[in-house]
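Have a look at the structure below, then the notes.
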Amino acid sequence: MPIPLIPIAVGVGVAAFGAGRKFLKNLEVTREADEAKARARGAYLQLAFAVDTIRGDNDDVAAGHLDRAKDSLDNARVMLNVATTAEAANAAEEVINEGFDHIERACTALGIEPPQRFSDI
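When the letters of the sequence shown are read in order and numbered with our numbering, they come out as residues 13 to 133.
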């Protein structure tokens, strides 16, 4: 009894098409996550620079905002280290934006121009 090759070939083709589609979808999800992490890391580095260079030693209000910006920076670092999805990277970017809010408040208290946010560049 001959084996019907056409149904087998069609079945193999359908399975290969499904696997290829899933593979391409996974590539798209990975690319989106990588882009979101890269964007968040750029903002993270800019926040780190601002936290490291702005001094609020003579102003208690500015020092408090700088401390909260440093806390946001530390939290964002942990979040970025474990981020595997675009949503996780976007959540880390939200924390980074909170840190920038504190940097802007500290700069206002010190009477200096705040740094431009990464998203505005």
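Cβ atoms here follow ideal geometry from the backbone N, Cα and C, with glycine treated the same way.
Taking 4 residues as the shortest admissible run, the stretch 45-103 contains the following complete alpha helix (DSSP H) segments, listed from N- to C-terminal end: 72-94. Assignment of isoleucine 115 by DSSP, reduced to helix, strand and coil, places it in the helix class. In this structure, the straight-line span from the alpha carbon of alanine 62 to that of threonine 42 is close to 30 Å. Going by beta carbons, alanine 50 and glutamate 105 fall outside the 7 Å limit.
In the three-state DSSP reduction, glutamate 125 falls in the coil class, being neither helix nor strand.
Taking C-alpha positions only, alanine 81 is separated from leucine 39 by approximately 35 Å. Minimum Cα-Cα distance from alanine 55 among the listed residues Asp69, Cys119, Ala118 and Ala101 corresponds to Ala101. If you draw a 10 Å sphere on the C-beta of leucine 78, you find 16 or more other C-beta atoms in it, and that means buried. A distance below 6 Å between beta-carbons, with the five flanking residues on each side excluded, links alanine 88 to the following residues of its chain, in chain order: Tyr56, Ala104, Val107 and Ile108. Excluding the 5 residues flanking it on each side, valine 94 has same chain C-beta neighbours closer than 8 Å at Ala100, in chain order.
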